[in-house]
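Going letter by letter, the sequence shown gives residues 15 to 272 in the working numbering.
I have placed the structure first, in the form of structure tokens, so that the comments after it can refer back to it.
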Amino acid sequence: MTKILGGKTAVVFGVANKRSIAWAITERLAEAGAKVALSYQSQRLEQNVLELASMIDEDPWVAPCDVTSDDQIRSFFHYLRSKTSRIDILLHSIAYAPREALDGSFLDTTRDAFQVAMDVSVYSLVAIAREAAPMFVEGGSIITMSFYGAQKVFPHYNVMGVAKAALEATVRYLAYDLGPKRVRVNAISAGPVNTLAARGISGFTEMLNRYAELAPMGRSCNQDEIAQTALFLASGGASAITGQTIFVDGGYEIMGMR
Ligand SMILES: NC(=O)c1ccc[n+]([C@@H]2O[C@H](COP(=O)([O-])OP(=O)(O)OC[C@H]3O[C@@H](n4cnc5c(N)ncnc54)[C@H](O)[C@@H]3O)[C@@H](O)[C@H]2O)c1
15 MTKILGGKTA VVFGVANKRS IAWAITERLA EAGAKVALSY QSQRLEQNVL ELASMIDEDP
75 WVAPCDVTSD DQIRSFFHYL RSKTSRIDIL LHSIAYAPRE ALDGSFLDTT RDAFQVAMDV
135 SVYSLVAIAR EAAPMFVEGG SIITMSFYGA QKVFPHYNVM GVAKAALEAT VRYLAYDLGP
195 KRVRVNAISA GPVNTLAARG ISGFTEMLNR YAELAPMGRS CNQDEIAQTA LFLASGGASA
255 ITGQTIFVDG GYEIMGMR
């Protein structure tokens, strides 16, 4: 039987370890037949990402890319073009803010922490989408990861909430620019899941408990449920969906009385 992403190429930003949301998505994309290229942030993660990549592919395409560096973004895409002339799917699953900005009061956010959070978590999507755009020769799908802190206040999420709001707006503007090329751009707004990035947020366990208590489904979500939604967004089944933020959160977002 033909696989739904057979013959497609996906590029993934944001795998750190096997708990990463990006890794769960990579596994689903590969299982659906896509050739997946992986980037990693720094040498510290190289071995980890290479080992994971070789679990799904005998000839893995893996290269470094710290998204705060235009040179590294250019080099990564140069590497990619040496392997393939086209891509169909681009996953952006990256966020960072200095730890002290994810605790205490939002009022205390420094200029530096604000700029770092925006650069890594938002601008990076614009930068990689621009490099990728000419390689989407037959349309495609760009997916990024958001959180409900973009729209409502979650204590301690602070500057990351502001960054996610900007990310969701970025999705809409990119969707407008890339629509004529048949490239769709969407965000998945996931409920809390236990990953490396999540552990950096003060009060994360309390957040998980709230979801268990209040979400209609009595829980948040897991990496694979996010991955299945990403697979849908990457596939032809979502061919008229663009500019959207799709919640995968056990229904928490619909609740008024919390
Ligand atoms: N875990 C959750 O509860 C949750 C919920 C909603 C949304 N998200 C979002 O999902 C995405 C992935 O996070 P995760 O939970 O899988 O954690 P993770 O720590 O596994 O992934 C974060 C990734 O960002 C990468 N990164 C950070 N700075 C970078 C830089 N300068 N250059 C390149 N890469 C960089 C890290 O290397 C890592 O791979 C993030 O955007 C996060 O905000 C997570």
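Ideal Cβ positions, reconstructed from N, Cα and C, are used throughout, including at glycine.
Can you round the beta-carbon distance between L52 and A67 to whole angstroms, since I take them to be within the 8 Å contact cut?
Confirmed, about 5 Å.
What residue range is occupied by the uninterrupted beta strand (DSSP E) comprising H106?
I103 to H106
Quick check: F218 and A212, are their CB atoms within less than 7 Å of each other?
yes
Under a criterion of Cβ closer than 5 Å to any non-hydrogen atom of ligand 1, which residues qualify, in chain order?
Residue list for ligand 1: G28, A30, S34, I35, Q55, D80, V81, T82, S107, I108, A109, Y110, V134, M159, F161, A204, P206, V207, T209, L210, A211 and A212 (CB closer than 5 Å to any heavy atom, chain order).
Please classify E72 as buried or exposed, where buried requires at least 16 other C-beta atoms within 10 Å of its C-beta.
exposed
With three or more beta-carbon pairs closer than 8 Å as the criterion, would you say the segment 170-187 touches the segment 83-103?
no
Distance CB(S138)-CB(I103) smaller than 7 Å
No; because the gap between Cβ atoms is not below 7 Å, this pair is not in contact.
Quick one: what's got a C-beta closer than 7 Å to D117's C-beta in the same chain, skipping five residues either side?
Counting only Cβ-Cβ distances below 7 Å, and skipping sequence neighbours, we find H170 and S216.
Minimum C-alpha distance to L105 - residue among A143, P206 and R58:
That would be A143, whose Cα lies nearest to the Cα of L105.
With distances taken between CB atoms, is the gap from G28 to G47 smaller than 7 Å?
no
Cutting at 7 Å between CB atoms, please list the residues of its own chain near M231, excluding the five before and the five after it.
G264 and G265
Neighbour-count burial assignment, G250, 16 or more Cβ in a 10 Å radius:
exposed
Return the bridge partner residues of V136 from the DSSP annotation.
The partner list for V136 (beta bridge, DSSP) is empty, contrary to what the question assumes.
For L247, I'd like the list of residues in its chain whose CB is within less than 8 Å of its CB, leaving aside the five on either flank, ordered along the chain.
S155, I157, R198, N200, I202, I255 and I260
Under the three-state reduction of DSSP, which class applies to A254: helix, strand or coil?
coil
Please specify which runs of the alpha helix (DSSP H), each continuous and at least 4 residues long, are wholly inside the segment 51-137, giving them in chain order.
57-70, 84-97 and 125-132
Contact belief for M159 with I268 at Cβ below 8 Å, rounded distance in angstroms
Rounded, the Cβ-Cβ distance is 20 Å, inconsistent with contact.
Does the Cβ of R88 have 16 or more other Cβ atoms within 10 Å, making it buried, or fewer, making it exposed?
R88 counts as exposed, since fewer than 16 other C-beta atoms from the protein chains shown sit within 10 angstroms of its C-beta.
Start and end residues, alpha helix (DSSP H) containing F261
It is not in any alpha helix (DSSP H) - F261 instead sits in the beta strand (DSSP E) that spans T259 to V262.
Hey, how far is the Cα of A147 from the Cα of F168?
34 Å
I need the straight-line Cα distance from G270 to A229, nearest angstrom please.
11 Å
Quick one: what does DSSP say F150 is sitting in, helix, strand or coil?
coil
Helix, strand or coil: how does DSSP classify K195 here?
helix
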